[in-house]
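Notes to accompany the following structure.
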Amino acid sequence: MHPFLLTYPAFLTESSTKTQTAEIGATVIFEAETEKPVKVRWLRDSKDIASSYKYTISAEGNLHSLTINNIAQEDALGYAVIAGMSKVKFELKIKESEVKEPEKAVSPDPAVAETKPEEPKEAPPAPTGSSAPDTSGTVSDCSAPEGLPESHRPDTRQDLTGLFTEKPQSGEVNVGENITFVARVCGESLLKKPSVKWIKGKWMDLASKSGKHLQLKEHYDRNSKVYTFEMHIIAAKANFAGAYRCEVSSRDKFDSCNFDLVVHEARTTDGFDIRTAFRRTSTDAGEDSGELDFSALLKKRDSFLKTGPRAVHVSTEPEVDVWEILQNAPPSEYEKIAFQYGITDLRGMLKRLKKMKKEEKKSAAFLRKLDPAYQVEKGHKIKLQVEVANPDAEVKWLKNGQEIHPTGSKYIFESVGNKRFLTINNCTLADDAAYTCTIGEEKTVTELFVKEPPVLIVRNLEDQMVMKGERVEFECEVSEEGAQVKWEKDGVELTRDESFKYRFKKDGCKHVLIINDVTKEDCGHYRVKTNGGQSFAELMVQEKQLEVYQNIADLTVKAKDQAVFKCEVSDENVKGIWYKNGVEVKPDARTHITHIGRIHKLTIDDVKPEDEGDYTFVPEGYAFNLSAKLNFLEVKIDFVPRQDPPKIHLDCMGRTAESTILVVAGNKLRLDVPITGDPAPTVVWTKGEKGSFKEGESRPEPRHTWTVKNGEVLTDSDGRVHVESTKGHCIFTIEGAERQDEGVYSVIVRNPAGEDTADINVKVVDVPDPPEAPRILSVGEDSCVVQWDPPLFDGGQPVIGYVLERKKKKSYRWMRLNFDPFKETTYEAKRMIEGVPYEMRVYAVNAIGMSRPSAASQPFVPVAPTSEPTGLCVDDISDTTISLKWRPPERIGSAELEGYGVEYCKEGSDEWIPAFPSLTESTSVIVCDLPTGEKMQFRVRAYNMAGPSLPATLQQAVTIREIMQRPKIWLPRNLRQTLIKKVGETINLVIPFQGKPRPQVTWTKNDELLDPKQVSIRNSDTDTILFIRKSERKDSGKYEVQVQIENVQDRASVNIQIVDLPGPPQNLKVIDVWGFNVALEWKPPKDNGNCEITGYTIQKADKKTMDWYTVYEQYRRTNCVVSDLIMGNEYMFRVYAMNMVVLSPEPCLSKDSAYIQKTGIVYKPPSYKEHDFSEAPKFTHPLVSRSVIAGYNATLSCSVRGIPKPKITWYKNKMDITNEAKYRMFSNQGVLTLEIRKPCPFDGGVYMCKAVNDSGEDIIECKLEVRSQVTKEDIKK
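According to UniProt numbering, the sequence shown is numbered sequentially starting from 1.
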């Protein structure tokens, strides 16, 4: 945007044209003041002025001045200064009385210079067709700003019709100068950006010609809603002259403008070329080396006096040679000299000064040597050029001192006049070298730098969480094999050390960082970097903990039975040692120790009394052990002389007292109850319902009963329950307690002396059930809020918190977010990457442990809301409806756009009502059922996963009332000429129109209404469709459509021509027969198929075989002569007619045959030596390098000749592709064609065609480049 488009006026001085009068040889100063410090342009006779010895341009704050030194008669012209859209004019006059004939003619210097490259893009000049570089007049907007003086307003004298608000104007330019053409389009009424084409002549699209001499630019001003399109012609040449056209289109709207460019020969001073002083000579100029450079022009601030807008006579002083001052000054004084003499480009002058000091002697063999250095990207090509004095001189090219020989397509040598070229194709790092061109003893040297393309990271690193001591591998994939990458941890580069802590591995495009035996110090953020990108990942290390899944249980074993101690731990690699009473157990014939996976077993066969004791399992590397007791059961019978009633000795006695025992699910439940009684009582264990019963109530029926008498179990029990009785104790054991084992256990002891009972309440506690799948409440740019419900069962212990984990959707590694239990059921997760899908899951934690994980949440993507929709406007309106349209938001973010929400409210109210129950994906809607005559306000918000965006609201309320519109037919361009269709083809005409209320549409054919049985008509509010499923000849004619609203109407007509096969020709006759020739004649067919006959096909057949051979094709006359017939044969003839459809289905046969008479003279052919017609293959038309788009078939064509017919072989990158299904080869009359079906980028390369016969061979090759398709998402980006 130009800096003055928002401020009117830009100049504080509002006066009209200012006139200065001065004498020849004097100095004049023009001054102008702006509102704020900005950049201005000075013009001389509508041409730009640059600083030189003749003109000095300066700016101090808001004051801008132009000083004209040594005034001559040619300087009596108009001058102007432009800032934005404001313009101040000056006029310089020469006093007539003072005009004298100078002794020496002062050569005028128009000082028309090229626009500097540093000119900001925000100030694009408008075209007026002048030869001013990059400028053509004043910048203008859609309309001239009100209140400006006439001299300050933009030039609006052009006819503005259609889409253009400013059309490019014809212009003139000198050879070597620049010119800019500008077109502007107002975008207030456009739904999307218009497309513009710049065309030279009738058909040449200049978009493909952009480069060094042509640049196309465009930008959009949001304040004025104006699109500006510029065409910059740089260093114009004579062949640039001609007619140009600018075309702009937007949907169904189109506009174009023609303009001309005139190129004049450059004006030079005899004996001196001013441009040679400004040639670029820096070594880093690249392709611009040798081009004009005015960056070193100086500002001589002390050559004039700032005394206001009047002529000031200043005494002439001797010119100061700044170059000589810089050459003799020390480097420490350079900045001081630049400030004193107004040097604007000190760096450029110093580079040129250094070059001047090292200037070599002029070469006798070279007119132009190589530039000091060149640069090219890897995979591209570069052309080195020299000019030699002798056009017949032979040159040699050397690389690092070694002569270059032409091999394949790598190096190409060219000689055009006195120019010599070396082209290096497909540059690699091996081509980065010094190149030398030699002629005899003289040489020129340059250096080529090959720039590698950026290496991109294709697959990113993934976060990892491991246990201490494990091995970690971070893996990524880059876009190029053998690329160099850099690994960092928390910003510090990682290198190989003596301990081999870090290892780096490469496998093609894959790069792996390996960390052995990780510790807590290895936690942090790791990064891999290339010259084109980087990727982060986080490593978290946890201490290793061994979990016991099954503990060893106490055993009571009778003599000669087997005792098995069994335990299970979480790590299958952990070993352990068994101990008995503190002494390590060694395996023997009766004792066996096994370790299978996570299970450790100690088996003792044929148990003896000495095996009784405490057994312990100690896992290696962990400070804990597992213990159990082995009891040896002996059966003894003692004589009881007396009887004591049984007694249960518990801490809490009585029927109402309960002893509650907690047991963790999976552990062993062991109830050891001390009892007394003589004789030994019988023990009965029962389990009732959960809960206790009150005193006085009947005891509920037990669910399970176990009885022990004299140490023997009288009732069966399942495999987990063990009931035993020893002297003074009764023991009840459950292996691996489960939730259903919870309840009230009663023990009853009986003997003949009585009985006793006790109740024990057992509560089984477990880890909680997993929570339900978490729900994602909201997402942010790098965070989300997740919520879940508590588990249905808390395991018998209250839930003390939750642990959350997350992972990337395509990953398998879950990363823990918190290590301390989180007590709430809503958690905000942070530090996520925007645009990457994640999943969450939750663990519940109680005093026993952590539950199994919940099901994963629905995948979600951390994103921020989009920006508001743009360009909201009213497209149409009626008494109860309104049509709105808008453009998508400028910033959508990583998540997909879910849709738009449309709301409305009455003016003055804050209650917004949704127009639709759900979101809409379209960018245009029709809101119905609105109150007629009411003022309504509307707004639109964009929704994505993160929620609604800021609303886009209409600037003012809209009154719901229909607006009348004249009917207008927009006839498509392809229907403005005759539409030709073949018989049987479908006709589908779509003709848009406008008009409100909905106009009445009428179709007629040849001024008669259409028959609805033959033609289908469909009308809508904006278009009408004429449809004929299968066209016939009778459907040809003039169709007219009429749209009418009351007494106003519009008409349009369409001509349709239905063509068919022609009929056969008529009356084919043999007119004459002589020698080996036959003359034929016929008449055109009666039915030409409703189109012109384009030619005839004539065929002949020997009457003996009746095999038909074509003599002529596409023959346009109705008579012909058939030659080269065979003597003694009788021939028949037939003729087909041809039109634009195809040949006639039936031919016209000749009624008479033609007999070629034999002559009576025996012809004896002369004897002569047979001529050798063999010829080596030679390509007469070469293969042409092409650039195609992926997905569309491509063809490569060439032509070859050779006798005998050569054998053709096609190669891609020197590999034979004859038998590959992707390619098809054609050969027709020496024209060779290779068709590549739907090429992809991998099909690019060098293609070669080889022709071989007995006389020799020939090859030809070209390069094919396959470009990727451009999608809509790419355009938006």
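Cβ atoms here follow ideal geometry from the backbone N, Cα and C, with glycine treated the same way. Predicted model only: the values in this text are computed from it and were never measured.
- Residue ranges of uninterrupted beta strand (DSSP E) with 3 or more members, entirely inside the segment 548-583 and ordered along the chain, are 548-550, 555-558, 563-569, 576-580.
- Burial state of ILE325 is exposed, judged by a 10 Å Cβ sphere holding fewer than 16 other Cβ atoms.
- If you compare the alpha carbons of CYS246, GLY532, ILE514, PRO330 with that of ARG496, the shortest gap goes to ILE514.
- With a cutoff of 8 Å on beta-carbon distance, TYR802 and PHE822 are scored as near each other.
- According to the DSSP secondary-structure assignment, GLU1008 is paired through a beta bridge with LYS1005.
- Between ALA365 and ALA329, the CB-CB gap reaches or exceeds 8 Å.
- The DSSP-derived three-state label of LEU669 is strand.
- SER918 has its alpha-carbon roughly 52 Å from the corresponding atom of GLU742.
- The beta-bridge partner set that DSSP reports for TYR745 consists of LYS687, ILE760.
- In the DSSP assignment, TRP397 falls within the beta strand (DSSP E) that extends over 396-399.
- Contact between the segment 940-947 and the segment 778-785 is established, with three or more Cβ pairs separated by less than 8 Å.
- Here PRO1062 is not near GLY1095, since their CB atoms are 8 Å or more apart.
- In this structure, the beta-carbon distance from VAL416 to LEU370 does not fall below 8 Å.
- Around the C-beta of ALA434, fewer than 16 other C-beta atoms lie within 10 Å, and the residue is accordingly described as exposed.
- Within 10 angstroms of the beta-carbon of ILE1071 lie fewer than 16 other beta-carbons, which makes it exposed.
- Per DSSP, the continuous beta strand (DSSP E) segment holding LEU630 begins and ends at 626-633.
- Beta-bridge partners of ASP431 (DSSP): none assigned.
- When the beta-carbon positions are compared, THR1097 and MET1140 stay at least 8 Å from each other.
- Secondary structure of PRO914 (DSSP, three-state): strand.
- Under the three-state reduction of DSSP output, ARG998 falls in the coil class, being neither helix nor strand.
- By the Cβ neighbour-count rule, ILE1126 is exposed, with fewer than 16 other Cβ atoms within 10 Å of its own.
- Just measuring C-alpha positions, the residue of GLY835, GLU488, LEU804 sitting nearest THR825 is LEU804.
- The C-alpha of ALA26 lies about 5 Å from the C-alpha of ASN70.
- Scanning its chain for C-beta atoms nearer than 8 Å, with the 5 sequence neighbours on each side dropped, one finds around ARG887 the residues LEU191, LYS192, PRO869, THR870, GLY871, THR923, in chain order.
- With respect to MET840, SER857 sits close: the two C-beta atoms are nearer than 8 Å.
- Within 10 angstroms of the beta-carbon of GLU584 lie fewer than 16 other beta-carbons, which makes it exposed.
- The closest CA to that of LYS1214, considering only VAL863, VAL1246, VAL1142, is found on VAL1246.
- Assignment of PRO1177 by DSSP, reduced to helix, strand and coil, places it in the strand class.
- Taking a C-beta distance under 8 Å as the contact criterion, ASN573 and PRO681 do not qualify as a contact pair.
- Shown here, SER535 sits in a strand according to DSSP, grouped into three states.
- In its chain, beyond the 5 residues on either side, THR1209, TRP1210, MET1225 have a beta carbon closer than 8 Å to the beta carbon of THR1218.
- Here the alpha carbon of ILE404 sits roughly 28 Å from the alpha carbon of GLU481.
- Taking C-beta atoms as the reference points, LYS647 and THR686 fail to come closer than 8 Å.
- By the neighbour-count criterion, in which a residue is buried when 16 or more other Cβ atoms sit within 10 angstroms of its Cβ, ILE913 is exposed.
- Take LEU971, set aside five residues on each side of it, and the residues of its chain with a beta-carbon closer than 8 Å to its own are ILE991, ALA1052, VAL1054, in chain order.
- Setting aside the 5 residues that flank it on each side, CYS476 is surrounded in the same chain by ILE457, ARG459, ASN460, LEU461, HIS511, VAL528, SER535, each with a C-beta closer than 7 Å to its C-beta; the list follows chain order.
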